[in-house]
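Under the working numbering, read the sequence shown as residues 1 to 266, first letter to last. Ideal Cβ placement from N, Cα and C applies to all residues, glycine included. Here's the structure, in structure tokens; my notes come after.
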Amino acid sequence: MIYYKTNEEIEQIRKANLLVSATLAMVAKEIKPGMSAIELDKMAETFIRDHGATPAFKGYKGFPATCCISINEEVVHGIPTDDEFVDGDVVSVDIGTVLNGFVGDSAYTFGIGEINEDLQRLMRVTKESLYKGIEKAIVGNRLGDISWAVQEHTEKMHGYGVVRELTGHGVGKKIHEEPEVPNYGRRGNGLMLKEGLVIAIEPMINMGTKDVYCADDDWTIITNDGKFSAHYEHSIAVRKNKADILSSFDEIEANEKANINLVFPY
Ligand code: MG
Ligand code: MG
1 MIYYKTNEEI
11 EQIRKANLLV
21 SATLAMVAKE
31 IKPGMSAIEL
41 DKMAETFIRD
51 HGATPAFKGY
61 KGFPATCCIS
71 INEEVVHGIP
81 TDDEFVDGDV
91 VSVDIGTVLN
101 GFVGDSAYTF
111 GIGEINEDLQ
121 RLMRVTKESL
131 YKGIEKAIVG
141 NRLGDISWAV
151 QEHTEKMHGY
161 GVVRELTGHG
171 VGKKIHEEPE
181 VPNYGRRGNG
191 LMLKEGLVIA
201 IEPMINMGTK
211 DVYCADDDWT
221 IITNDGKFSA
231 HYEHSIAVRK
241 NKADILSSFD
251 EIEANEKANI
261 NLVFPY
């Protein structure tokens, strides 16, 4: 069952998402070598609660933290640990909030310190593929057009692995609603996109094989070949000519740039 949203509901979902974006922007400012994922997670939880919201993931099916923090070969759903970030780490931070009964869901992948060119490309292409997917999220297109656009840009153009086991999803009063939004698929296939459809699009793209497994903690998804993975996510509302992106990377990107300059002031 798909719940199509009213404009009023979409504005509520936007507020929850902009709080996720503000939290990720705080993360962008603070994340650095020597800090642990648990420290970062606590800061994010405090930030979210100080803004009158609750973390959407904490307690969801027993997940123990506010953020999913997935490092290097970890794809998604990483449980924060007290291991310290080190120079060269690629860290995906996925955050959900519940504000006034509506959910925000967005994710961003950060490089810690100096990142080699191959990994910079993986991160750039994964982010690009998110926007290629969003471009297709307009009335009259089909769900498969979004999936195809992500797969085409990452797998076909760059030879990366597109994770099959996990997908984007509808978002609203619940964190995971129908429909599923795969990052692979065929053009012109699947659900017809209509006004009021709100979905989280979230490419999970691996440097090597598409194949993944779940760690012994029953949460963390890891690449089979140990190569690194990147993950970016926006929540969007389908509209006539252009999707409405409800989360925002603007402040995250500005803080990311300032943070990198702080660590490497060349
Ligand atoms: Mg997410
Ligand atoms: Mg999601």
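If contacts are defined as beta-carbon pairs under 8 Å, then residue i and residue j qualify, I think. What distance do you get, rounded to the angstrom?
i: F110; j: A28; result: 7 Å
i: V181; j: L143; result: 7 Å
i: I205; j: S229; result: 7 Å
i: M207; j: L130; result: Actually they do not touch by this definition, with Cβ atoms about 17 Å apart.
i: T209; j: T220; result: About 17 Å separates the two Cβ atoms, so there is no contact after all.
i: A137; j: V238; result: 5 Å
i: S235; j: I13; result: 7 Å
i: S147; j: G185; result: 3 Å
i: L197; j: N141; result: About 11 Å; that fails the 8 Å criterion.
i: D82; j: I134; result: In fact, because the Cβ distance is near 36 Å, the residues do not count as touching under 8 Å.
In angstroms with no decimal places, state the Cα-to-Cα distance between residue i and residue j.
i: D105; j: P179; result: 15 Å
i: D303; j: T66; result: Because the chain spans 1 through 266 in this model, residue 303 falls outside it and cannot be assessed.
i: E152; j: G172; result: 28 Å
i: E165; j: V75; result: 11 Å
i: D145; j: M26; result: 33 Å
i: H176; j: N259; result: 32 Å
i: A16; j: D225; result: 36 Å
i: K5; j: G170; result: 11 Å
i: I245; j: E253; result: 16 Å
i: K227; j: M43; result: 29 Å
Could you check where the alpha helix (DSSP H) with residue i kicks off and where it finishes?
i: S21; result: N7 to E30
i: M123; result: E117 to E135
i: D216; result: Per DSSP, D216 belongs to no alpha helix (DSSP H) and is neither H nor E.
i: A149; result: L143 to Q151
i: D50; result: A37 to D50
Indicate whether residue i and residue j have their beta-carbon atoms separated by less than 9 Å.
i: D94; j: E233; result: yes
i: Y60; j: G96; result: yes
i: L119; j: G88; result: yes
i: L19; j: A53; result: yes
i: N183; j: V163; result: yes
i: L40; j: I71; result: no
i: V139; j: E195; result: yes
i: E202; j: G168; result: yes
In the DSSP assignment, find the unbroken beta strand (DSSP E) run with residue i in it and report its ends.
i: T154; result: Element bounds for T154: n/a, residue is neither H nor E.
i: T109; result: F102 to G111
i: G168; result: G168 to G170
i: A230; result: S229 to H231
i: A237; result: H234 to A237
i: N206; result: M204 to N206
i: P182; result: Counting along the chain, P182 falls outside any beta strand (DSSP E), and DSSP gives it neither H nor E.
i: T97; result: V90 to L99
i: I201; result: V198 to I201
Does any residue of chain B bring its CB to less than 9 Å from the CB of residue i?
i: F110; result: Within the model displayed, chain B is absent; a lone protein chain is all it includes.
Q. Which runs of the alpha helix (DSSP H) spanning at least 4 residues fall entirely within the segment 59-85, listed in chain order?
A. none
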